[in-house]
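The next block holds one structure in the form of structure tokens; read it before the comments.
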Amino acid sequence: MWRVLRISILLAVLAFVALGAAVDRFSSTDWNNTLWVGIFPVNGDGREATDHYVASLTREQFTDIEDFFAEEAQAFGVALERPVHIELYPPVREPPPTLDPGVSLPGRMWWSLKARYYSWRVAGDRLARVRIFVLYHDPAGTHAVPHSLGLQKGLLGIVYAYADQAAHAANSVVVAHELMHTLGATDKYDPQTNLPVFPQGYGEPDAEPRFPQAWAEIMAGRIAVSADEAQMPRSLREVVVGPATAAEVNWIAD
Ligand SMILES: [Zn+2]
């Protein structure tokens, strides 16, 4: 009896979550209204220098992401003048649940539910439809950060970034990439080599000569400078959205 009740409740919760995800998927990519995206800074390493950096952040610094989405969406015929609005929210004290990269599929699903619960708990009262939690790390104490992620189910992203003004423009590239994931875009690089996949991961696949490419495609994340070499873009000014990604986020009919 209790077992049946427990399973029924769990199934009801899962059905509710699945329905919510379907509504989110449809409404976040209709591009009839500006999509509100919240940046929630988190001190990722507990250092004092990181606290200072987080306190110095301003909303204006994130307009590079708004401009990128506006320019790229308009290139695909989206009529909205400002497809994405970025809002900067006060820092969040509690870090999001961490995902062990080697975890099994059920473990990943459980983590995804925990991440959605976390997002609802720490930011549920905010207007932002998409929530990007940016975990800043002091570059003086951190040389490598884990992989950032973006979930379409739950409309949330977890971005690992460097707490350094000089890294801001590169951090924005990662935020834009994870934001695209929340809207349904898929990666366009080879996970074995990290190299952009041709042609959909190239900024300008028809260029002659093909190398070096001038731009990165947002979901490849890197500029193919030769057949076996790719470079991180320095800012969103070196990044474009390709037609495959544009179709995934509903900027063009597929
Ligand atoms: Zn990705």
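Position one of the sequence shown corresponds to residue 672 (our numbering), numbered consecutively onward. Think of the CB as a built atom: it goes at the ideal place given N, C-alpha and C, for glycine as much as any other residue.
Alpha helix (DSSP H) segment containing residue i, residue limits
i      : result
Tyr831 : No alpha helix (DSSP H) holds Tyr831; the beta strand (DSSP E) holding it covers Leu827 to Tyr833.
Arg787 : Leu776 to Ala794
Glu849 : His839 to Thr853
His723 : Glu719 to Ser727
Residue i versus residue j - alpha carbon distance
i      : j      : result
Pro768 : Arg779 : 11 angstroms
Leu759 : Asp738 : 16 angstroms
Ala834 : Val708 : 20 angstroms
Val801 : Arg674 : 36 angstroms
His723 : Asp809 : 10 angstroms
Thr705 : Ser698 : 11 angstroms
Asp877 : Gln871 : 11 angstroms
Leu806 : Val725 : 10 angstroms
Ala895 : Glu909 : 12 angstroms
Selection from the options that minimises the alpha carbon distance to residue i
i      : options                           : result
Ala799 : Pro883, Ser819, Gly825 and Ala838 : Gly825
Tyr711 : Glu900, Val912, Phe733 and Pro904 : It is Phe, not Tyr, that sits at residue 711 in the sequence shown. The shortest C-alpha separation from Phe711 is found at Phe733.
His852 : Ala915, Ala686 and Glu752         : Ala915
Whole-angstrom C-beta distance between residue j and residue i, which should lie under 8 angstroms
i      : j      : result
Ala856 : Met890 : 5 angstroms
Leu866 : Ile736 : Actually they do not touch by this definition, with Cβ atoms about 25 angstroms apart.
Leu770 : Leu820 : 7 angstroms
Leu850 : Ile803 : 6 angstroms
Pro766 : Val845 : Rounded, the Cβ-Cβ distance is 17 angstroms, inconsistent with contact.
Three-state secondary structure (DSSP) of residue i
i      : result
Glu765 : coil
Trp673 : helix
Glu752 : coil
Arg905 : coil
Ala689 : helix
Leu866 : coil
Leu681 : helix
Terminal residues of the beta strand (DSSP E) in which residue i lies
i      : result
Gln871 : That residue, Gln871, is in no beta strand (DSSP E); it is neither H nor E in DSSP.
Ala741 : Note, Ala741: premise wrong, no beta strand (DSSP E); alpha helix (DSSP H) at Thr734 to Ala746.
Pro712 : Leu706 to Asn714
Heavy atom of ligand 2 within 7 angstroms of residue i beta-carbon
i      : result
Asp858 : Only ligand 1 can be found as ligands here, which leaves ligand 2 out of the picture.
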